[in-house]
Amino acid sequence: MLTFAVLGEVRAWRGDHPLDLGPKQRRAVLAALLLRCGRSATVSDLIADVWGEQATASAVGALRNHVLHLRKALEPDRAAGGPPTVLVGFDGGYALRLPPGKLDTELADRYAAEADRAVDAEQARERLEAALALWVGPPLAGIPGPFAERLRTQLSERRLSLLERRLETDLWSGRFAAAIGELHPLSAEHPLREKIRELLMTALYHAGRQAEALEVFADTRRTLIDSLGIEPGPLLTDLHARILRADLAPVRSPVAVADPVSRVAQLPADIADFTGREEQVRRLTERLTDTTGAVAVCAIAGMGGVGKSTLAVHVAHRVREYFPDGQLHTDLHGAAQPGDVLGDFLRALGVPEGRIAATPDQRAAQFRSLLDGQRVLVLLDNARDAEQVMPLIPGTAGSAVLITSRAALPELAGAATVRLDEMSESEALALLGGVVGAERVVAEPDSADAVVRACGRLPLAVRIIGARLATRPRWSIASIAERLADEQQRLGGVAHGRSGRRRGLPGRLRPARTVASRGRADALGPRGRGPVPARRGRGARHEP
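Residue numbers (full-length UniProt numbering): 1 to 544.
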């Protein structure tokens with residue numbers, strides 16, 4: 001099992017054994033890929049990240065050499081000529097394929113999220129301490145390049161924010177003296193950071209050192225005016241006024257009095273024999289796990305029966321570990337009202353019935369407020385249009401939304417749309433084999449080809465027929481192929497006409513529905529004497 005760290009030097013382990021990652025520039029390539037969290041990077045991206053303006057014509061060759069050595073270090077047992085499975089290449093670029101939670105920055109985020117859900121101040125403090133312990137030195141220590149420099153600043157800022165939160169838990173627990181001991185040097189190191197000054201003033205006041213608290217405010221005001229020409233912000237000014245009046249309330253833990261967001265896990269079960277759609281899975285996974293900017297929104301569009309819901313559920317399970325605060329799911333049925341769905345979501349998130357807002361707009365605002373700072377995945381199945389789903393989208397980064405719809409939903413600004421068409425013939429045959437057994441498909445290849453063609457290579461139609469065959473091991477695939485051909489002929493080629501639609505399904509599904517829904521006797525041979533045998537031919541055989 002591979003694990004990685006960037007909160008200090010760039011390091012990697014296989015189990016407990018550290019890996020030799022080579023020189024700093026090679027580690028810079030690895031770091032640039034690690035911190036993309038599975039997203040791909042083009043060769044140009046990586047050269048800009050590692051070499052910047054100092055890149056020369058030799059940078060491409062050097063990059064490929066670094067990738068070659070990294071692959072050897074990460075997959076030492078890979079067979080010569082075998083495809084890499086960790087550091088993969090495609091479309092003129094590279095990406096790291098790792099399970100969630102294998103990078104120390106991801107662990108830090110997980111611990112911070114657990115602190116948000118803590119039931120008391122002590123538990124919150126313990127989780128924040130665990131997150132802070134992952135920083136063992138300056139992030140990306142010694143790594144060259146513009147990307148490393150930029151990320152070093154961001155990761156250092158993240159640590160400082162976590163430290164502020166942990167010091168706040170110290171105040172909740174009454175550890176005023178210990179907090180003062182840490183806050184004094186921090187305030188000198190970060191003289192313009194008002195949050196640190198606010199915590200220090202609060203700790204001094206509750207430690208009985210009111211005069212020192214007022215002096216901290218005076219020093220902060222002088223520093224801000226001299227450095228930036230501005231007065232302290234309203235939070236610090238209000239704190240100063242309350243200290244002057246000596247009416248600062250005792251410090252209370254919001255953890256102890258807040259209504260915690262219930263961790264929901266509403267995803268439907270994944271399909272064990274999910275087949276194909278590798279490129280679509282890759283694209284959706286990359287987009288949904290990119291939570292560094294705005295809320296990630298993905299839409300899967302396509303006709304009925306093409307496998308939108310199955311793909312969405314499969315991808316949602318792949319990325320669920322990126323959303324430790326929960327996963328919400330609803331089937332919109334094409335007509336569900338957003339206000340009703342929001343009411344269901346709010347109840348699932350632990351909001352008491354009496355506190356759920358009355359109007360749809362108020363519920364949407366309540367929903368966004370509740371998910372602020374949370375990492376939640378929202379799966380919206382069978383959406384009618386963009387207007388139906390817009391109120392159901394969280395308002396802040398960290399969460400993600402996955403939508404399925406027959407329409408493309410171009411009105412969803414910033415959404416990544418994946419258009420789903422019929423499966424390829426090989427994917428459809430693999431799906432049929434996964435349902436009925438690969439040996440039956442191999443035994444009757446011509447008939448299996450005919451079945452998936454008759455099903456229009458639609459996953460739902462293939463599953464319908466496959467499920468029927470799976471429960472009838474004595475039936476031949478040829479018998480079903482004949483029935484499908486007869487049904488298509490009887491319907492007069494409905495696969496290409498509007499008359500083939502029934503209950504909203506495309507025409508190509510109707511023959512499969514009709515054949516599969518008939519009773520056992522209807523699929524028997526003449527006068528119900530037994531299963532229709534497979535025709536003799538290439539690979540055909542009688543069912544025993």
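Ideal Cβ positions, reconstructed from N, Cα and C, are used throughout, including at glycine.
Opening and closing residue of the alpha helix (DSSP H) in which residue i lies
{"i": "residue 364", "result": "360-371"}
{"i": "residue 346", "result": "338-348"}
{"i": "residue 178", "result": "176-189"}
{"i": "residue 196", "result": "194-206"}
{"i": "residue 33", "result": "24-34"}
{"i": "residue 549", "result": "There is no way to answer for residue 549, as the model of the chain reaches only from 1 to 544."}
{"i": "residue 14", "result": "That residue, residue 14, is in no alpha helix (DSSP H); its beta strand (DSSP E) goes 11-14."}
{"i": "residue 417", "result": "Not the alpha helix (DSSP H): residue 417 falls in the beta strand (DSSP E), residues 416-419."}
{"i": "residue 21", "result": "First-last for residue 21: undefined, no H or E at that position."}
{"i": "residue 128", "result": "121-132"}
{"i": "residue 109", "result": "104-116"}
Buried versus exposed call for residue i [16 or more other C-beta atoms within 10 Å across all chains shown]
{"i": "residue 222", "result": "exposed"}
{"i": "residue 333", "result": "exposed"}
{"i": "residue 199", "result": "buried"}
{"i": "residue 17", "result": "exposed"}
{"i": "residue 452", "result": "buried"}
{"i": "residue 196", "result": "buried"}
{"i": "residue 177", "result": "exposed"}
{"i": "residue 56", "result": "exposed"}
{"i": "residue 422", "result": "buried"}
{"i": "residue 482", "result": "buried"}
{"i": "residue 424", "result": "exposed"}
{"i": "residue 228", "result": "exposed"}
{"i": "residue 155", "result": "buried"}
{"i": "residue 471", "result": "exposed"}
{"i": "residue 476", "result": "buried"}
{"i": "residue 116", "result": "buried"}
Proximity below 8 Å, CB of residue i to CB of residue j
{"i": "residue 463", "j": "residue 435", "result": "yes"}
{"i": "residue 324", "j": "residue 39", "result": "no"}
{"i": "residue 28", "j": "residue 95", "result": "no"}
{"i": "residue 107", "j": "residue 134", "result": "yes"}
{"i": "residue 468", "j": "residue 428", "result": "no"}
{"i": "residue 30", "j": "residue 14", "result": "no"}
{"i": "residue 104", "j": "residue 6", "result": "yes"}
{"i": "residue 213", "j": "residue 204", "result": "yes"}
{"i": "residue 147", "j": "residue 32", "result": "yes"}
{"i": "residue 432", "j": "residue 454", "result": "no"}
{"i": "residue 559", "j": "residue 411", "result": "Because residue 559 is not part of the residues shown, which for the chain are 1 to 544, the question remains open."}
{"i": "residue 569", "j": "residue 24", "result": "With the chain represented from 1 up to 544, any question about residue 569 goes unanswered, as that position is not in the structure."}
{"i": "residue 128", "j": "residue 169", "result": "yes"}
{"i": "residue 398", "j": "residue 374", "result": "yes"}
{"i": "residue 201", "j": "residue 230", "result": "no"}
{"i": "residue 251", "j": "residue 459", "result": "no"}
{"i": "residue 87", "j": "residue 63", "result": "no"}
{"i": "residue 239", "j": "residue 313", "result": "no"}
{"i": "residue 207", "j": "residue 225", "result": "no"}
{"i": "residue 285", "j": "residue 318", "result": "yes"}
{"i": "residue 122", "j": "residue 173", "result": "yes"}
{"i": "residue 308", "j": "residue 420", "result": "yes"}
{"i": "residue 93", "j": "residue 50", "result": "no"}
{"i": "residue 363", "j": "residue 343", "result": "yes"}
{"i": "residue 444", "j": "residue 478", "result": "yes"}
Whole-number beta carbon distance between residue j and residue i, since they are thought to touch under 8 Å
{"i": "residue 283", "j": "residue 418", "result": "6 Å"}
{"i": "residue 360", "j": "residue 339", "result": "3 Å"}
{"i": "residue 392", "j": "residue 378", "result": "6 Å"}
{"i": "residue 315", "j": "residue 264", "result": "Not quite, the Cβ-Cβ distance comes to about 18 Å (not below 8 Å), so this is no contact."}
{"i": "residue 162", "j": "residue 192", "result": "19 Å between Cβ atoms; not a contact."}
{"i": "residue 296", "j": "residue 407", "result": "The Cβ separation is near 20 Å, so there is no contact."}
{"i": "residue 298", "j": "residue 371", "result": "The Cβ separation is near 17 Å, so there is no contact."}
{"i": "residue 235", "j": "residue 220", "result": "Actually they do not touch by this definition, with Cβ atoms about 12 Å apart."}
{"i": "residue 381", "j": "residue 330", "result": "7 Å"}
{"i": "residue 300", "j": "residue 288", "result": "Not confirmed; about 11 Å, so no contact."}
Start-to-end residues for the beta strand (DSSP E) that takes in residue i
{"i": "residue 322", "result": "Segment: none, residue 322 is in no beta strand (DSSP E) and carries neither H nor E."}
{"i": "residue 404", "result": "400-405"}
{"i": "residue 378", "result": "377-383"}
{"i": "residue 96", "result": "93-96"}
{"i": "residue 5", "result": "2-5"}
{"i": "residue 389", "result": "Unbroken run through residue 389 is the alpha helix (DSSP H), 386-389; no beta strand (DSSP E)."}
{"i": "residue 87", "result": "87-90"}
Self-check item: Secondary structure, alpha helix (DSSP H): runs of 4+ residues fully inside the region 437-474
Solution: 438-443, 445-454 and 459-470
Quiz item: In chain order, which alpha helix (DSSP H) runs of at least 4 residues are fully inside the region 217-305?
Solution: 234-245, 254-257 and 278-288
Quiz item: Where are the beta strand (DSSP E) runs, 3 residues long or more, that stay fully inside the region 40-66, in chain order?
Solution: none
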